[in-house]
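Structure first, then comments.
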Amino acid sequence: MALGRCRNGSLDTMTTLTRIGVTVAVASVVWAASAGAELSQQGSKLTGNDATGAAWQASAVAVSADGNTAIVGGYLDNGDAGAAWVFTRSAGAWTQQGSKLVGSGAVGDAGQGWSVALSADGDTAIIGGPGDNSGTGAAWVFTRSGGQWTQTGAKLVGAGAVAKANQGWAVALSSDGNTAAVGGPGDNNGAGAVWVFTRSAAVWKQQGLKLVGTGAAGLSGQGTSVALSGDASTLVAGGPQDNEGSGAVWVFSQSAGTWTQQGNKLAGVTPTSIFSIQGSAEVTANFTQQPPPCVALATAVAPAADGTIVVNTPPTCTGGYLPGTQASLSLTPTGGWTLAGWSGSGGSFSNAAANDTTFTIAATAAVTANLLEQTSACDTLALDVSPADAGSVTTDTPQNCTGGYVQGSRATITASPAFGWTFAGWSGSGGSFSTTSSPVTTFTIAGSTTVTANFTQSSLGCGSLAVSANPSGAGSVTSGAAPNCNLGFTLGTPIPLTANPAPGWTFAGWSGTGGVFDDPTGLATGVRQGTSVSISTDGNTAVVGGYATGGTSTVWVFARAGGTWVQQGNPLPAGGEASLAQQAWSVAISGDGNTILASEPGDNEGTGAAWVFTRSGGVWTQQGGKLVGAGASGTAEQGSAAALSADGSTAVIGGPGDNAGAGAAWVFASASVIDNATGDPNTVAMVP
Numbered sequence: 009m010a011l012g013r014c015r016n017g018s019l020d021t022m023t024t025l026t027r028i029g030v031t032v033a034v035a036s037v038v039w040a041a042s043a044g045a046e047l048s049q050q051g052s053k054l055t056g057n058d059a060t061g062a063a064w065q066a067s068a069v070a071v072s073a074d075g076n077t078a079i080v081g082g083y084l085d086n087g088d089a090g091a092a093w094v095f096t097r098s099a100g101a102w103t104q105q106g107s108k109l110v111g112s113g114a115v116g117d118a119g120q121g122w123s124v125a126l127s128a129d130g131d132t133a134i135i136g137g138p139g140d141n142s143g144t145g146a147a148w149v150f151t152r153s154g155g156q157w158t159q160t161g162a163k164l165v166g167a168g169a170v171a172k173a174n175q176g177w178a179v180a181l182s183s184d185g186n187t188a189a190v191g192g193p194g195d196n197n198g199a200g201a202v203w204v205f206t207r208s209a210a211v212w213k214q215q216g217l218k219l220v221g222t223g224a225a226g227l228s229g230q231g232t233s234v235a236l237s238g239d240a241s242t243l244v245a246g247g248p249q250d251n252e253g254s255g256a257v258w259v260f261s262q263s264a265g266t267w268t269q270q271g272n273k274l275a276g277v278t279p280t281s282i283f284s285i286q287g288s289a290e291v292t293a294n295f296t297q298q299p300p301p302c303v304a305l306a307t308a309v310a311p312a313a314d315g316t317i318v319v320n321t322p323p324t325c326t327g328g329y330l331p332g333t334q335a336s337l338s339l340t341p342t343g344g345w346t347l348a349g350w351s352g353s354g355g356s357f358s359n360a361a362a363n364d365t366t367f368t369i370a371a372t373a374a375v376t377a378n379l380l381e382q383t384s385a386c387d388t389l390a391l392d393v394s395p396a397d398a399g400s401v402t403t404d405t406p407q408n409c410t411g412g413y414v415q416g417s418r419a420t421i422t423a424s425p426a427f428g429w430t431f432a433g434w435s436g437s438g439g440s441f442s443t444t445s446s447p448v449t450t451f452t453i454a455g456s457t458t459v460t461a462n463f464t465q466s467s468l469g470c471g472s473l474a475v476s477a478n479p480s481g482a483g484s485v486t487s488g489a490a491p492n493c494n495l496g497f498t499l500g501t502p503i504p505l506t507a508n509p510a511p512g513w514t515f516a517g518w519s520g521t522g523g524v525f526d527d528p529t530g531l532a533t534g535v536r537q538g539t540s541v542s543i544s545t546d547g548n549t550a551v552v553g554g555y556a557t558g559g560t561s562t563v564w565v566f567a568r569a570g571g572t573w574v575q576q577g578n579p580l581p582a583g584g585e586a587s588l589a590q591q592a593w594s595v596a597i598s599g600d601g602n603t604i605l606a607s608e609p610g611d612n613e614g615t616g617a618a619w620v621f622t623r624s625g626g627v628w629t630q631q632g633g634k635l636v637g638a639g640a641s642g643t644a645e646q647g648s649a650a651a652l653s654a655d656g657s658t659a660v661i662g663g664p665g666d667n668a669g670a671g672a673a674w675v676f677a678s679a680s681v682i683d684n685a686t687g688d689p690n691t692v693a694m695v696p
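Position 578 (the sequence shown) corresponds to 586 in the numbering used here; numbering is contiguous.
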């Protein structure tokens, strides 16, 4: 299979796949941190001295845990045969270690160096060649002893592949180098798969069957990216083609050599939506806790002996329910009693006036079915609008006695303004309102009455917009549009909204009245999540990269607690992008999970760049400006690959387009690393 990468990062192959990022899998251990320190370039760019032709060096990179060994892949070397180069750092100076590495036993244009990974100590390397044997693909393992690199065993080819799997598209190693993961996104016509191999006494064997995550939508390309935790107990596989290019990742856990999928596939959400206002509007950003707690749902009837409640939805966690669960409730009043209305805390009702309702749980919850004796007076409830034809008013609360409602009943009433009008408030006697200023209110009936929805005219057709967070305190909502009429916004105005979760919470979707969302779910579409993945040493923090035409921010972080994965905060934005940025093309994470490196080869019309983010108290912030290596020649596409040492103090960034496709890698290090080195390395300040 001939491999030919274009300037935009695509790959011409005999498969239907396109190259969409480089997996950077760095086996790591936890080191004392200088994480959070700003990084500067250390020395000149790295280029292997024995390449043949335009090798496209640094299309894949990896670095050891201590940051002193780096491997650089160049899959176009020697007419697409491919190769990899190893560099070591001593006293702050980087030098090539030995000749380029080329695995034996290749068939055809293997494209070795398409992907690379290193063990924590840097003594074991794995090199992927997805073009081997006409697209079957393979991986080669090398070990270092006394500064000399030798191939260990024959090339690795997983059993059970269907058609041209492109094995070796992505590779990863455990910290000790004894477990390898090999991705093959072309398997089964693009469904994709991952193979795991283990080493014992220098012999590699496949561990179990190939891994294919469940729940895929279409041909997802699983195995486009892979990452392993330090102890090889957790594996993350990216499938960026899932769900028509929205992308997703799958997590697998291993026990005693058996791998099982952990939960459903992960697909990050975005916190933005366009809300087209159509009247007086109320918008709510809904959030869930990280990790979601198991909360209780208590039910009660008032008076206690006059009815029973059945919760039809079984518990979704030990002893309770996960937030977001929609619990089905059924009330059966005893003879002579009727429902006045549901009340409660910790969630919301689909219909607070119906015997059968759904309660969406947001936190520890308690609900009560409030009953009335049917011997109470049956009162009428009339609904009106003022002025006439200024809008409409409705109730979804059914009558509970002949011709009306038992006194004490609660009716949910909704006002909807006509075009050119806005809701002004409720009026009426014979009862009480839960609110008179919101277009949705609950009216407690104390006698026969007429409730009126009052409207005011706006010459522009102007509506107000109220925003809130659910639960209160879980986050906030900001608007990207300025009011343009006396009450707020001209009807039909598209209003950009952004949900901002508080620490410990995740955005879960939009709800509201008085307008239409372009997407209330927040599910990210067309962003190819899983283009790149990386995971912390303990396997509890995963970073997922994706890209989309137009340069939207696409770095998601997921955290695991108690076996459950949740998105941590909003996607990470990068500051200082220039044109044609393909954000999160490659991502890497430090051993402790508190530093992320995200790179973009398309930044500044193909110059490329990378960004560093650090986590404190569960909140991620950008650390300094973007990283751009000095000394590039031409359109380098820096950021086509990226790797990070265990403590986050050393970063390696690949620019395979440098010097007309010769390729090069740049190393950035913290001030403490540079200061501890001898000599006078070239340092380049980060670009603001």
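Every residue, glycine too, gets a C-beta built ideally from N, C-alpha and C.
| message | Is it the case that the segment 257-270 contacts the segment 216-235, given that we only count it when at least three CB pairs across the two stretches are under 8 Å? | response | yes
| task | Buried or exposed for Ala313, please, with buried defined as at least 16 other CB atoms from any protein chain shown within 10 angstroms of its CB. | result | exposed
| said: If you reduce the DSSP assignment to three classes, tell me which class Val681 lands in. | reply: Assignment of Val681 by DSSP, reduced to helix, strand and coil, places it in the helix class.
| Should the segment 353-367 be regarded as contacting the segment 379-399, the criterion being three or more beta carbon pairs within less than 8 Å? | no
| Do you know whose CA, among Gly656, Gly632, Gly662, lies nearest Thr643's CA? | Looking at the Cα atoms, Gly662 is the closest of the given residues.
| For Asn578, is the classification buried or exposed, using 16 other Cβ atoms within 10 angstroms of its Cβ as the cut-off for buried? | buried
| query | Are there three or more Cβ pairs, one per stretch, closer than 8 Å when the segment 540-551 is compared with the segment 284-291? | reply | no
| request: Below 8 Å CB to CB, which residues in the same chain sit around Gly352 once its five sequence neighbours on both sides are set aside? | output: Phe367, Ala373, Ala374, Val375, Thr376
| field | Contact set for Arg623: own chain, Cβ-Cβ below 6 Å, skip 5 residues either direction | value | Asn602
| message | At the level of alpha carbons, what is the spacing between Ala128 and Leu236? | response | 12 Å
| Val318 versus Gly633, Glu608, Leu305, residue with shortest Cα-Cα distance | Leu305
| What does DSSP give as the partner residues of Gly315 in its beta bridges? | DSSP, once it has assigned bridges, lists Pro341 as partnering Gly315.
| said: Can you tell me whether Gln298 is buried or exposed? The criterion is at least 16 other CB atoms within 10 Å of its CB, across all chains shown. | reply: buried
| request: Report the three-state DSSP secondary structure of Gly143 (helix, strand or coil). | output: helix
| message | Count Cβ pairs between the segment 164-177 and the segment 198-218 that sit closer than 8 Å; are there 3 or more? | response | yes
| request: Go to Asn612, then tell me how far its alpha helix (DSSP H) extends in each direction, as first and last residue. | output: Residues 611-614.
| request: Determine the direct distance from the alpha carbon of Ala670 to that of Asp655, and round the result to whole angstroms. | output: 30 Å
| Alpha-carbon to alpha-carbon, Thr132 and Ala180 | So the alpha carbons of these two residues sit roughly 11 Å apart.
| message | Based on DSSP bridge pairs, tell me the residues matched to Gln215. | response | Per DSSP, none; premise fails for Gln215.
| Relative to the C-alpha of Thr514, which residue among Gly500, Thr529, Val574 is closest? | Val574
| message | Applying the 10 Å Cβ sphere with the 16-neighbour rule, what's the burial state of Ala68? | response | buried
| said: Measuring alpha carbon to alpha carbon, tell me which residue in Pro300, Gly343, Ser440, Asn363 is nearest Thr333. | reply: Pro300
| 3 or more residues per run - each beta strand (DSSP E) lying fully within the segment 73-127 | 77-82, 91-98, 101-104, 123-126
| query | Within this structure, are the beta carbons of Gly3 and Pro425 separated by less than 8 Å? | reply | The requested residue 3 is not part of the displayed model; the chain covers only 9 to 696.
| query | Which residue spans inside the segment 586-666 form an unbroken beta strand (DSSP E) run of at least 3? | reply | 594-597, 603-608, 617-624, 627-630, 649-652, 658-663
| Proximity below 8 Å, CB of Thr160 to CB of Thr187 | no
| message | If you follow the alpha helix (DSSP H) that Gly253 is in, where does it begin and where does it stop? | response | 250-253
| query | From Lys273 to Leu54, what does the alpha carbon distance come to, in whole angstroms? | reply | 38 Å
| By DSSP, does Gly287 sit in helix, in strand, or in coil? | Of the three classes helix, strand and coil, the one that applies to Gly287 here is strand, per DSSP.
| With a Cβ-Cβ cutoff of 8 Å, do Ala89 and Leu109 count as a contact? | no
| For Asn294, three-class secondary structure by DSSP | strand
| field | For Asn363, the first and last residue of its enclosing alpha helix (DSSP H) | value | No alpha helix (DSSP H) contains Asn363, which DSSP labels as neither H nor E.
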